[in-house]
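Asker:
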Amino acid sequence: MGTSPMRKMVWLTGALLTLAHGQNAALLAAYTQHNIPAIEKMVQSGVTFESETEKRFYTALLEPDAEKAVAVYKHIFEQGSALFKYLSADRLHDYYYARGYYTTAADYGRYLADHEKVLAREESPAPDVPAETADNEQYYIQVGAFGMADNARQMVNMLRTQNYSVRVKERVINNRTLYCVWVNGAKDFQATLKLADQLRQKYHLNYKLIKE
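Listed below in structure tokens is the structure:
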């Protein structure tokens with residue numbers, strides 16, 4: 342089940358990579374780069390999996406029968422650990438979106454947006470967040486991630502001319518600094534999703550929803 346051409350999950354956080362170790366970190370890095378051939382090569386070379394869930398996920402990733410792969414992803418999403426539950430949601434989101442099941446895809450997209458920070462907190466526990474801070478969290482629409490700040494600023498300037506509230510968000514992903522373009526969404530997921538789809542249709546921009 343290969344990567345969908347309409348894929349929205351362009352970048353996964355560095356927190357995901359730090360949740361895997363050794364050889365498995367290489368598998369996860371290849372996944373975030375959409376490098377399926379590299380994953381296939383590692384699996385065929387006899388990589389040692391840390392768990393049965395990890396083995397099932399990557400085996401499903403290489404499964405040519407999409408329906409069989411989806412059945413595995415659903416099982417992992419329902420019963421797997423945080424990391425592979427997240428990655429399975431990523432796969433299911435892409436599968437349903439590519440086939441036009443936008444409501445189902447949006448459900449998985451919401452899980453991805455809501456749990457990105459949860460995974461990061463599991464890796465680096467932080468003090469309890471005050472209730473008023475949590476209440477102020479909102480969704481953002483990431484529409485680009487660049488290695489050069491100037492490229493990100495160019496996209497920001499373009500979107501600002503169209504009256505979008507947008508900024509550059511610097512992030513470190515897999516030990517690499519990326520300059521991400523974030524369009525302000527809302528506290529409401531559906532309202533943010535609607536805006537994100539408008540951006541995709543109008544400017545042909547792939548996007549990722551993030552809650553922060």
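Under our numbering, the first residue of the sequence shown is numbered 342, with each subsequent residue one higher.
Just so you know, even glycine gets a beta-carbon here, dropped at the ideal spot from N, CA and C.
None of these values were measured; they are calculated from a predicted model.
Quick one: grab the DSSP three-state call for L553.
Answerer: In the sequence on display, residue 553 carries Glu and not Leu. If DSSP states are grouped into helix, strand and coil, E553 belongs with coil.
Asker: Going by the CB atoms, is the gap between K549 and Q483 shorter than 8 Å?
Answerer: Yes, the pair counts as a contact, with Cβ atoms nearer than the cut-off.
Asker: With burial defined as no fewer than 16 other Cβ atoms inside 10 Å of the residue's Cβ, what is the status of Y442: buried or exposed?
Answerer: Result: exposed.
Asker: Do you know offhand how far E404's Cα is from A410's?
Answerer: Cα to Cα, the separation comes out at about 6 Å.
Asker: With C-beta atoms as the reference, is D431 less than 8 Å away from L402?
Answerer: Against a cut-off of 8 Å, the Cβ pair of L402 and D431 comes out as no contact.
Asker: Could you tell me the alpha carbon to alpha carbon distance between Y399 and V384, rounded to whole angstroms?
Answerer: When rounded, the distance between both Cα atoms is 8 Å.
Asker: Can you name the start and end residues of the beta strand (DSSP E) that Q483 belongs to?
Answerer: Y480 to F487 is the extent of the beta strand (DSSP E) around Q483.
Asker: Name the two residues that bound the continuous alpha helix (DSSP H) containing R501.
Answerer: Element bounds for R501: A490 to T502.
Asker: Look at the alpha carbon of R541 and the alpha carbon of N547, and state the distance between them as a whole number of angstroms.
Answerer: Taking the straight line joining both Cα atoms gives about 6 Å.
Asker: Taking C-beta to C-beta, are Y481 and E553 nearer than 8 Å?
Answerer: Yes, the pair counts as a contact, with Cβ atoms nearer than the cut-off.
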